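In our numbering, the protein residues as written are -12 to 230. For each residue, glycine too, the CB sits at the ideal point set by N, CA and C. Nothing here was measured: the structure is a model prediction, and the numbers come from that model. Below is one structure, written out as structure tokens; comments come after it.
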């Protein structure tokens, strides 16, 4: 009899990234998806959250943290039925504290640090399985791609206030750096640019100067020799000089 193949640590974690696996009511997760993404695109600016009568979604900080964990881990499949604009606007609501308090959920005093770290552990999958495939066709001057999803991709670590508020916490430093490292490996130029943008902004707060230098240097060596703009941007990020 053949032995069952042992799951990798990443596969074991992935199996736990379900509503039931994180202790979240499936119906609450389904309702959150509808709230964030099941929106008409008829508004002139496309942004449903500017509606004056838009009610907040009723969830605790711990529930929002768990919603994000499951969302990040399963966005490739769970958001497959939504357009890029719907996905972009929904993710913007999640990342941008000018639109919601969701970015503060994972750092709320009521949320155990292990829960926040599980959310961060799931975050690279959002870029790898959802944002990357959706933007893989884009090859525009750095920072110039248009649309809600391109905005979220490029601006996440510029706008997202979560890390700023816990920047001295070593586990948060390690978690954010792991996300950015994994984003550099996503075969999508826009995601790689977003990772470099984040590295450039967060370099000092990540507290790992040598590791960043070596990682970005290796990335620069891997870039197509004809893509000088990306090489230049990577060099700027390596030195903490991005806008």
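- The stretch 45 to 52 and the stretch 89 to 98 touch, with no fewer than 3 CB-CB distances between them shorter than 8 Å.
- Residue 176 counts as buried, since at least 16 other C-beta atoms from the protein chains shown sit within 10 angstroms of its C-beta.
- For residue 130, the secondary structure class from DSSP, reduced to helix, strand or coil, is coil.
- Under the three-state reduction of DSSP, residue 154 is assigned to coil, being neither helix nor strand.
- Sequence-distant partners of residue 138 (beyond 5 residues in either direction) whose C-beta falls short of 6 Å from its own C-beta are missing from its chain.
- The stretch 125 to 145 and the stretch 191 to 206 do not touch, with fewer than three beta-carbon pairs separated by less than 8 Å.
- Closest option to residue 171, judged by alpha-carbon separation, among 109, 124, 194 and 114: 114.
- Annotated as proximal: residue 220 and residue 129, with beta-carbon spacing under 7 Å.
- When DSSP states are grouped into helix, strand and coil, residue 199 belongs to the helix group.
- Sequence-distant partners of residue 207 (beyond 5 residues in either direction) whose C-beta falls short of 6 Å from its own C-beta, in its chain, are 218 and 221.
- Secondary structure note for residue 51: its alpha helix (DSSP H) is the uninterrupted segment 48 to 65.
- Its Cα nearest to that of residue 10, the residue 57 stands out among 162, 154 and 57.
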